[in-house]
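Protein chains in written order, with the numbering used here: chain Y, 2 to 260; chain C, 52 to 361; chain R, 8 to 376. Here's the structure we're looking at; comments come further down.
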Amino acid sequence: MSKRIDVKDLNVYYGSFLAVEGVNISIEAKSVTAFIGPSGCGKSTFLRTLNRMHEVLPGARVEGEVLLDGDNLYGAGVDPVTVRSQVGMVFQRPNPFPTMSIRDNVLAGVKLNNKRITKGAADALVEKSLRAANLWNEVKDRLEKPGSGLSGGQQQRLCIARAIAVEPQVILMDEPCSALDPISTLAVEDLINELKDEYTVVIVTHNMQQAARVSDKTAFFNIAGTGKPGKLIEFADTTTIFNNPSQKATEDYVSGRFG
Amino acid sequence: MTTNSLTTSQGAGRAGDKVFSGATLAAGCLILLVLFGVALFLVIQAIPALVAPPADIQGGHGFFAYIGPIVVGTLIAAVIALVIATPVAIGVALFISHYAPRKLASGLGYVVDLLAAIPSVVYGAWGAAFLAPQISPAYNWLASTMGWLPIFQGPASATGKTILTASIVLSVMVLPIITSLSREIFLQTPKLHEEAALALGATRWEMIKMAVLPFGRPGIVSAVMLGLGRALGETMAVALVLSSGVLTASLIQSGNQTIAAEIALNFPEASGLKVSTLIAAGLVLFVITLGVNMIARWIITRHKEFSGAN
Amino acid sequence: MTVTAPVARKRSALTKGQLPAFAPYVVLAVALVLGAAILALIGFNAFGWGLVSAILFTIGLVGWSAAVEGGRKSSDKLATCLIVGSFLVALLPLISVIWAVLVNGIPGIISPGFLTTSMNGVTGALDNKSVDEGTKVLGGIYHALLGTVQITLLATVISVPVGLLTAIYLVEYGNDRALARAITFFVDVMTGIPSIVAGLFAAAFFFAVVGPGTKTGAVAAVALSVLMIPVVVRSSEEMLKIVPNELREAAYALGVRKWRTILKVVIPTAISGIASGVTLAIARVIGETAPILVTAGFATTINNNVFGGWMASLPTFIYTQILNPTSPSNPDPSSQRAWGAALVLIILVMILNLGARLIARIFAPKAGR
């Protein structure tokens, strides 16, 4: 239930503006990879190209290849919808659907696609996904209540449960803890550690300690200046990046000299 | 590399996307078509009146001799309505935005919206049955004291069904439009400007003069233009209130007519060339209001670009 | 940030040159008494008393303030008086209209059969008889009520899909394209079309397509749609715009198609606002008179077919009963029926307006926190 990602010579454009340039990276299956770097370095933009979410913004396009177990996401005839059902995403701010109950939020991916599912199968899926998101015990008695009634951290784990319920191969997380308090952050970080047993997880974070805590490998992105494209500077084991980086820029960043 | 497993997908869903976006696009285009159709069909049906021999048109001097006085009457009624409504509307808007207690403000806004909710025919009935008789003594007084002014020349109408009464009813109807738009603009006044003025020791009125009114001026202008558009096209207030007749300078005698009321009063019984004439009159009204509204919208969009309030 | 202490100390110094707090009340009392006295000389009426007292109050307060506090404070007081005054002036017609409709409308509405009978067979002779012999006023608004409901329903059925789909195009697919900008601009223009021109358009269209003199409820519904569509587009557009983009992205990220995202996530989130906007649009067109006047003709009998024959409506009923009373020599029965219909119409409009607010509240997504 998990696939690897290989990115080859990827350029991302917004209109004629080159936002991210020449990324080559290989993300192993069943691992946690963190993207770090200063604001505006293109790490979130790059993350969104891994499930073609960047296309939601008008004028965004890419050059190059993103291979999901060898299948190019940008190959001819590939439907972005199929890509997204294999590569799930969790966003910066928790965004449960306000019109749906907790249960319906978990089932959203199934129900919104009009897939037939029996009541028993649905119940099993809800419980499995919520358990996987470490949320089952907190919400099992109020599954019919609106999802927006949960705390921020619970909402974020609900969003993770919702992403898991679609049974993706990869889960992308775009600064999933930046809107959460420290305790909720801890709960989500614990969850990320468990998720890697089954999924490939890619996480963008501003918080270097968080990258150090949760990830196996870390990629450092940087920009030369405003208006210049973001680039992948260094990609290595997390311990290497934080203790013994090969690039000067990486060392400056992780040691807190800038950014 | 083998075949891409990601290309296998449900075709039905893709078709759904196409059908749905196509439907929304079609709806949008339909609106453009309708507006184009409004213009086109009005023109087609109006042409017979425009090309007919002048003697066949009501009045016997051709379409433009027929429509001219009515256009003037329409403008008189609308302009008087605005002259009455604008200061009151700005006052009400300022009252709600800057004077009334915060808690009351939204409720008071709703009260003003109630004015807009009352159907025009009810205003017409009220103007004819209540306002006109009540106001006719005032017209007698105006005629006797200020009769030397052409606009107040006597003898005043005994029923009070004059263009001035119609304009007063119109002013009540455009008041909520001007009020609600100005109120929105006033509320958008940057708090910093207001506080800067107050910090300099300005009184509330000086603050309004220094910060609120200059900021809101383009908004007020466009609100007044939109009110003008409404006043020009309003039918019932005039059709029921005004005892119409030929173009006269005096506002307190019966006489004058507006395009909308002329159409409403005559269209139901009209046939043949008369229908064309009235539709042509409608076309003239359409062009006038279109011009007024476009100017108003243009002012609003131009204002939006540099206000930074949005 | 240590301003509090000096401000508290200075305050007493600042209040020196001010009018006492009770000043407005004193001036008001004096103005009321003086106003009553003046009005007693020229014949008392409540409206005049209010007007004269308001003027005296303004003069008195501003004058006193000018003497004690100086020009700046007094012009501030003058502005306050004028602004509050303009609000009171704006209330006058509202109160007057509602009062007139209630006083004149209640006798009409309580006359038996008013809501359940039509004007079929009600002639001038019957009205004359009711005035001369004091028998009850016959005839009612059933046909007009039925016509209004049918015409408005049909107009809603036409306008809501077109308006809502257009709003979806503008918000979800438009992307600020030239076509989207053109539609936005022309929807704005459409908002300003005079209602009678909308009626003439529908009439001209049907005259050209079906045949001269085609007047049915359906033509009126088309005319009302021209007025209603821009309102629906604008309000739905606003409501769709405030649906957070995050919800759309969340759905896309689950592999949900755009059209399903719109139908199942965006619209349900915005439905309360859309529904209340539609209700307000109905409230707006239900009272329109002019477009129906030129498109549906006048009927005095019940017509159940929107697509055939002339059809009455409440606004046109009011209009014709006032302008062309059933009995020209005795217009009172017609006037009573007209005011009764006006009261019914206002009640309908108010119910729709209140309904819009209720809908907005009831269907709003529950935060539940």
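Ideal Cβ placement from N, Cα and C applies to all residues, glycine included.
Annotation: residue 185 (chain R) has no Cβ neighbours in chain C at a cutoff of 7 Å; minimum Cβ distance is about 12 Å. Apart from sequence neighbours up to five positions away, the residues of its chain that approach residue 121 (chain C) with a beta-carbon distance below 6 Å are 308, 310 and 313, ordered along the chain. As a beta-bridge residue in DSSP terms, residue 218 (chain Y) pairs with Y:34 and Y:238. Put simply, the stretch 188-206 of chain R does not touch the stretch 129-136 of chain R. Fewer than three CB pairs are less than 8 Å apart. For residue 130 (chain Y), the enclosing alpha helix (DSSP H) covers residues 120-133.
For the stretch 126-157 of chain R, the set of residues with a beta-carbon nearer than 7 Å to any beta-carbon of chain C is empty. About 7 Å separates the beta carbons of residue 148 (chain Y) and residue 102 (chain Y), which is inside the 8 Å limit, making them a contact pair. Under the 10 Å beta carbon count, residue 105 (chain Y) is surrounded by 16 or more other beta carbons and is classified as buried. Contacts with chain R at 7 Å (Cβ-Cβ) include residue 68 (chain C). Only residues of its own chain outside the window of five on either side were considered, and among them 53 and 56 have a CB closer than 7 Å to the CB of residue 81 (chain Y), listed in chain order. Identification of chain C residues near residue 195 (chain R) by a Cβ-Cβ cut-off of 7 Å yields 348, ordered along the chain. C-alpha of residue 198 (chain C) to C-alpha of residue 210 (chain C): approximately 18 Å in a straight line. For residue 201 (chain Y), the uninterrupted beta strand (DSSP E) run begins and ends at 201-205, by DSSP. Contacts with chain C at 7 Å (Cβ-Cβ) do not include residue 100 (chain Y).
Closest in C-alpha terms to residue 139 (chain Y), from the list Y:159, Y:227 and Y:124, comes Y:159. Separation of residue 306 (chain R) and residue 319 (chain R) (C-alpha to C-alpha, rounded to the nearest whole angstrom) is 5 Å. A direct Cα-to-Cα measurement between residue 324 (chain R) and residue 116 (chain R) gives close to 14 Å. Within the stretch 14-101 of chain Y, the complete beta strand (DSSP E) runs of at least 3 residues fall at 18-28, 33-37, 61-69 and 88-91. Within 9 Å of the CB of residue 85 (chain Y), the CB atoms of chain R belong to 259, 260, 261, 262 and 263, in sequence order along the chain. The Cβ of residue 302 (chain C) sits no closer than 7 Å to any Cβ of chain Y. Counted as a single uninterrupted DSSP element, the beta strand (DSSP E) harbouring residue 171 (chain Y) occupies residues 171-175. Residue 60 (chain R) is positioned such that its CB atom lies no closer than 7 Å to that of residue 69 (chain R). Its Cα nearest to that of residue 134 (chain Y), the residue Y:157 stands out among Y:45, Y:157 and Y:119.
Taking C-alpha positions only, residue 94 (chain C) is separated from residue 85 (chain Y) by approximately 53 Å. Proximity of the stretch 66-83 of chain C to the stretch 287-301 of chain C falls short of the contact definition, fewer than three beta-carbon pairs being nearer than 8 Å. Proximity of residue 76 (chain C) to chain Y, defined by a Cβ-Cβ separation below 7 Å, is not satisfied. When 8 Å is used as the limit between beta carbons, residue 167 (chain Y) is near these residues of chain R: 261 and 262, in chain order. Classified as buried, residue 212 (chain Y) has 16 or more neighbouring CB atoms from the shown chains inside 10 Å of its CB. Under the criterion of beta carbons closer than 8 Å, residue 109 (chain C) and residue 214 (chain R) do not qualify as touching, at roughly 19 Å. Any Cβ of chain Y closer than 7 Å to the Cβ of residue 254 (chain R) would place that residue at the interface, and such an atom is present.
One finds nothing in chain C with a Cβ atom closer than 9 Å to the Cβ of residue 171 (chain Y); even the nearest lies about 13 Å away. For residue 183 (chain Y), the uninterrupted alpha helix (DSSP H) segment begins and ends at 183-196.
Take the alpha-carbon of residue 45 (chain Y) and the one of residue 261 (chain R): they are about 18 Å apart. Judged by their CB atoms, residue 55 (chain R) and residue 46 (chain R) are nearer to each other than the 7 Å cut-off. The distance from the Cβ of residue 313 (chain R) to that of residue 158 (chain R) is about 7 Å, consistent with a contact at the 8 Å cut-off.
Residue 192 (chain C) counts as exposed, since fewer than 16 other C-beta atoms from the protein chains shown sit within 10 angstroms of its C-beta.
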